[in-house]
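Residues 1 to 477 in the UniProt record's numbering are what the sequence shown lists, from first letter to last. The structure under discussion appears below in the form of structure tokens.
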Amino acid sequence: MGSAPNPFKDQSLSLIKRILPLTLYALLPIALLPTVLLCLHFYYPLSFPSSSSSPQTHLLPHSNSITVTYHSSLSSSSSSFPPPPSSPSPSSSTTKNSPSTEKENSYYYDDNENKCDYSNGEWVSDKRGPLYNATSCGTVKDSEKCTPNGRPDSGYLYWRWKPSQCNLPRFDPNTFLQLVTNKHIAFLGDSLARNQLESLLCMLSTTSTPNLVYTNGEDNKFRRWHFPSHNSTFSLYWSPFLVQGVERSNNGQYYNTMYLDHVNERWARDIGNWDIIVISFGHWFLIPSIYYEGGRVLGSLNVAEFNHTQIDFYDPLRKALRTTLNTIIERKIMKLLGGRNGNSNNMKGVDVIVKTFSPAHFEGDWDKAGTCSKTGPYREEEKKLEGMDAEIRRIEIEEVKKANNESGLLGFIRFDALDVTKLALLRPDGHPGPYMNPFPFAKGVPEHVQNDCVHWCLPGPIDTWNEIFLEMIKKWK
Ligand SMILES: *[C@@H]1O[C@H](CO)[C@@H](O)[C@H](O)[C@H]1NC(C)=O
Ligand SMILES: *[C@@H]1O[C@H](CO)[C@@H](O)[C@H](O)[C@H]1NC(C)=O
Ligand SMILES: *[C@@H]1O[C@H](CO)[C@@H](O)[C@H](O)[C@H]1NC(C)=O
Ligand SMILES: *[C@@H]1O[C@H](CO)[C@@H](O)[C@H](O)[C@H]1NC(C)=O
């Protein structure tokens, strides 16, 4: 596994091959040339990232011990539903040897400014409650309308996230819209990207009404809204692996097929239009998959019949994210190089935010009607960030830092992590549970009640992700 060839090396080599003729033939305006040479200079040496990071990969929980299962009936309820992990999480037994817990502090995001670390803290009670309700907001998916679906308790709405060293301001829709005036924000990835965007739209709608200007795909997988008041655009792109592939489906294959070295062009072809990208992924990597890289099979997870090497999903997940972030850098550089007619749009920068893994909260066996019936948050000491949740988060943050290192000197692409893993972990009460369907107990208690312990009620704790998102773009302004 460790000696596998590094695909990114080849990828960046071919990038250089494509870029060099362009520069050599001096197709660029003189004014742009210094920038481009700077790009090349820094992109080139930094594009061979793997040798230093591959030892990390060996520390990850190993394939043989993994027994990931998925909730077939749950994923059948909607093709865009991320299949939840089994419980307990597959790698929890390896946590003691994993570097994630003790080294956690070193993954904080800090750039030596006195910037707050929003990722650690606790939930404290807050009488104010949410900015909106699921009836007043038109963009909430039916399965996340917890109160209208009959959820009887409302205590879960009266908490706010208190970071250890600072305060997280309450979401201010006017400030947010001002900061994204004339901007295009793309949410891409799995159904948690949709969940987060719907939360954001609900909060923004309290001050300005968006128009749905585009919709495509079953389950509204691709949508676009426009706020005429600020000329702000929000797009949603379904792409649960980020890279190219074929999703498992009930009437097709029971496993995913992923091409780890090619991004999904369905979103990638639009990169040039975006000012901010918010990426959300992870849950779809937990189900059976065959992984391809460099045109051949790298291995598979829980797909027995082809005798492929069984590998765990951590390395594929890392590769998919790395391909995604490198492609964003690459496409932006190509656009810059193509800007010889002085089109200022080619100089447009982009801020890339990777929202870290959002843990699921199934209690009990996934195949024995796992539920999430808690009605309040965990206290910090009650629930440790460990096992699979911690590993996925760690990989995501490492890849963001690496991408930032590689692009930082370009000056117009920034990467940051929206680190929600811990605050989400502490909120077992924030999911629809049985109220993913309207009034599940109207006719008494059925034998089997489908629960959603992955997505978040709207309003609910996911609103906090957007409060942090706002603080990030304030800082970036
Ligand atoms: C939801 O919000 C609307 C508008 O603010 C309000 O009129 C309505 O009473 C609220 N509904 C509930 C159930 O709180
Ligand atoms: C509206 O925003 C888009 C970017 O999302 C920009 O290209 C366009 O020029 C803006 N329109 C106006 C009238 O400023
Ligand atoms: C997989 O391996 C088994 C045992 O070696 C063999 O019988 C079977 O034919 C192989 N299947 C494929 C698809 O190669
Ligand atoms: C980023 O660059 C710094 C300084 O060059 C280095 O110390 C650090 O290890 C790099 N991080 C990653 C994740 O590549």
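Glycine included, every Cβ here is placed at the ideal spot set by N, Cα and C.
When C-beta atoms of the segment 400-420 are compared with those of the segment 125-142, fewer than three pairs fall below 8 Å, so the two segments do not count as touching. Residues Phe187, Ser280 of the same chain have their beta carbon placed closer than 6 Å to that of Ala193, with the five preceding and five following residues left out of the count. With respect to the 8 Å criterion, Tyr156 and Gly433 are not classified as neighbours on the basis of their beta carbons.
Assignment of Tyr291 by DSSP, reduced to helix, strand and coil, places it in the strand class. Going by beta carbons, Pro163 and Asp117 fall inside the 8 Å limit.
If you check the CB distance, Ser199 and Asp463 come in under 8 Å.
According to the DSSP assignment, Ile413 belongs to the beta strand (DSSP E) that extends over 413-418. At a cut-off of 3 residues, the continuous stretches assigned as beta strand (DSSP E) that sit fully inside the segment 173-236 are 184-189, 211-216, 222-227. As DSSP reads the structure, Pro163 sits in a beta bridge with Gly121. Inclusion of Leu242 and Gly189 in the CB contact set at 8 Å is warranted, their separation being smaller than that value. The C-beta of His431 has 16 or more other C-beta atoms within 10 Å across all chains shown, which makes the residue buried. Annotated as proximal: Tyr435 and Arg151, with beta-carbon spacing under 8 Å. Here DSSP, grouped into helix, strand and coil, assigns Asp312 to coil.
If one requires a minimum length of 4 residues, the alpha helix (DSSP H) runs lying completely within the segment 363-448 are 387-407, 421-425, in chain order.
Residue burial is scored here from C-beta neighbours: His283 has at least 16 other C-beta atoms within 10 angstroms and is therefore classed as buried.
Ser300 is bridged by DSSP to Ile290, Gln310. The bridge partners DSSP lists for Asn256 are Ser289. Put simply, the segment 298-306 does not touch the segment 377-395. Fewer than three CB pairs are less than 8 Å apart. If you ignore the 5 residues before and after Ile329, its C-beta comes within less than 8 Å of the C-beta of Tyr43, Ala403, Glu406, Ser407, Leu410, Ile413, all in its own chain and listed in chain order.
Contact between Leu197 and Pro210 does not hold, since the beta-carbon distance rounds to 11 Å and is not under 8 Å. For Thr309, the Cβ stays outside the 7 Å cut-off from all heavy atoms of ligand 2.
C-alpha of Phe285 to C-alpha of Thr323: approximately 15 Å in a straight line.
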